[in-house]
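**Student:**
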Amino acid sequence: MRDLSADAKLMSLNTATLGPKRSLKDAVEGCLRHGIGGISPWRDKIAEAGLDEAARMIKRAGLSVTGVCRGGMFPAADAEGRRCALEDNRRAVDEAAALDSSCLVFVVGGLPPGSKDLKDARAQVEDGLAATLEYARPAGVRLAIEPLHPMYAADRACVNTLGQALDICDRLGQGIGVAVDVYHVWWDPDLDRQIARAGRDGRLYAYHLCDWMVPTTDLLLDRGMMGDGVIDLPAIRRTMEAAGYDGFCEVEIFSANRWWPKTIDEILGAMVARGKTCI
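Under full-length UniProt numbering, the sequence shown has 29 at position 29, and the numbering climbs by one with no breaks.
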C-alpha cells in the first residue's frame, strides 16, 4: 500500500465533514492550513459561493477537486418529475466541468412517493444515468455511481451494492464508474471481488472514508471518524490499491453530535492524524 503517513496531500475533504453551517471558503482555507490536497464540494456550497467564485477559490488554493456531490435522484412519479431531474443533473454536469472535477458523484434516488415498485425505480435510474452520460461525455465529466447501504433503498438510493452499480456501468459503457464509500459497502461479503472487477475495467473513480459506530445512534448523521468504529479500513484500502486505485482518500463524515459541533481545526486535525494512522 501507499505510505500516507508523511503528509495529507493525498487526502481530500468532502465539505459535508464540516457540517452544514460551514462555507466553501471555510473548507478551502481549512484544507490549506492542514496541508490537505483535495476537496469535494457539495452543490449547495458551490451555489452559496457562486460557481465562478468557487472555481477561482479552489484553483487559487491549488486543490484537486476529487468529486462534486451530487447528481442523481432520478425516480419520479410522472414524466414532468423525470424531466426536472434530468435538467438538474445536466446542471450538475456543468458544475463539475467548471470545477475540473475528477467525477460527479451520483446518489441515484429511491422509490417515488407512493410507489412500491422497486424494479421500476431502478429502471428509471438506469434511464436517467444513460441520458446524463450522453450529456456528460462531450463535457469530459465522468459519472460515479455511489451505491448506498440497503437501509436507504426506499428513500435515497435503490442501487445498493457495488456489483449492482457495476452491472449498470457495464450496460452503459465508457465514462461511468463507481464511488466506493466504506460506510455503505463495508458489510458486503462480495466487496473484494467487486472492487477487483471495478479496477479491471478502470471504474474506480472515488474512495470515501469514515467509520461505522457501534452503536450507531442515527443511520444518517452518526458516522465516525476513521479509527473510531468497526470498519477494517486498511484492508479495504489494500484491496482498492491492489485493484489499481491511486487517487485521493476522501473523508466524508455526517456527524451531527460527535464532530459537527467541533471547530474546523479540531475536525481537520483529527482527520489528518487518522489519515496517517488508521486508513
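Note that CB positions come from ideal geometry on N, CA and C, so glycine has one too.
How close, in whole Å, do the beta carbons of residue 195 and residue 239 come, if the pair is a contact with beta carbons under 8 Å?
**Tutor:** Contact flag correct, Cβ pair sits at about 5 Å.
**Student:** Give a yes or no on whether the C-beta atoms belonging to residue 253 and residue 66 are separated by under 8 Å.
**Tutor:** Result no, Cβ atoms of residue 253 and residue 66 do not sit closer than 8 Å.
**Student:** Are at least three pairs of beta-carbons, each pair with one atom in the stretch 26–38 and one in the stretch 69–82, less than 8 Å apart?
**Tutor:** The answer is no - the stretch 69–82 does not touch the stretch 26–38, with fewer than three Cβ pairs under 8 Å.
**Student:** Which residues in the same chain as residue 97 place their Cβ atom closer than 6 Å to its Cβ, once the five residues preceding and following it in sequence are excluded?
**Tutor:** Same-chain partners within the cutoff: 139 and 141.
**Student:** Would you call residue 101 buried or exposed, if buried means 16 or more other Cβ atoms sit within 10 Å of its Cβ?
**Tutor:** Counting Cβ neighbours within 10 Å, residue 101 comes out buried, since at least 16 surround it.
**Student:** Could I get the ranges of all uninterrupted beta strand (DSSP E) runs contained in the stretch 109–160, with 3 residues as the minimum, in chain order?
**Tutor:** Counting whole runs of 3 or more residues, the stretch 109–160 contains the beta strand (DSSP E) stretches 143–145.
**Student:** Measuring alpha carbon to alpha carbon, tell me which of 57, 221, 270 and 164 ends up nearest residue 197.
**Tutor:** If we check each option's Cα against that of residue 197, 164 comes out closest.
**Student:** For residue 217, which residues of its own chain have a beta-carbon under 8 Å away from its beta-carbon, when the five flanking residues on both sides are left out?
**Tutor:** Hits under 8 Å: 257.
**Student:** Would you kindly check if the distance between the Cβ of residue 144 and the Cβ of residue 179 is under 8 Å?
**Tutor:** Against a cut-off of 8 Å, the Cβ pair of residue 144 and residue 179 comes out as a contact.
**Student:** Return the first residue and the last residue of the alpha helix (DSSP H) that residue 183 is part of.
**Tutor:** 182–185 is the extent of the alpha helix (DSSP H) around residue 183.
**Student:** Would you check if there are 3 or more beta carbon pairs closer than 8 Å linking the stretch 228–238 to the stretch 205–220?
**Tutor:** The stretch 228–238 vs the stretch 205–220: in contact.
**Student:** What residues are listed by DSSP as bridge partners for residue 205?
**Tutor:** Answer is none; residue 205 lacks a bridge partner.
**Student:** Could you give the DSSP three-state label for residue 69: helix, strand or coil?
**Tutor:** Three-state result, residue 69: strand.
**Student:** Have a look at 115, 126, 114 and 236 and flag the residue whose alpha-carbon is nearest the alpha-carbon of residue 107.
**Tutor:** Nearest of 115, 126, 114 and 236 to residue 107, Cα basis: 126.
**Student:** Could you say which of 278, 259 and 272 lies nearest to residue 22 if we only look at CA atoms?
**Tutor:** Ranking the options by Cα distance to residue 22, first place goes to 259.
**Student:** Whose CA, out of 51, 119 and 129, lies closest to the CA of residue 94?
**Tutor:** Taking only the C-alpha atoms, the option nearest residue 94 is 51.
**Student:** According to DSSP, is residue 76 helix, strand or coil?
**Tutor:** Coil.
**Student:** Within the stretch 18–57, note down every full beta strand (DSSP E) run reaching 3 residues or more, in order along the chain.
**Tutor:** Here the runs fully enclosed are 38–40.
**Student:** For residue 272, which option in 44, 8 and 24 has the closest C-alpha, if you only look at C-alpha atoms?
**Tutor:** Among 44, 8 and 24, the Cα nearest to that of residue 272 is on 8.
**Student:** Determine the extent of the beta strand (DSSP E) in which residue 105 is found, giving its start and end residues.
**Tutor:** Segment 104–107, the beta strand (DSSP E) holding residue 105.
**Student:** Output yes or no for whether 8 Å exceeds the beta carbon distance between residue 188 and residue 162.
**Tutor:** Yes; because the gap between Cβ atoms is below 8 Å, this pair is in contact.
**Student:** Please return the same chain residues whose Cβ sits closer than 7 Å to the Cβ of residue 6, not counting the five positions on each side in sequence.
**Tutor:** Cβ neighbours of residue 6 beyond the five flanking positions: none.
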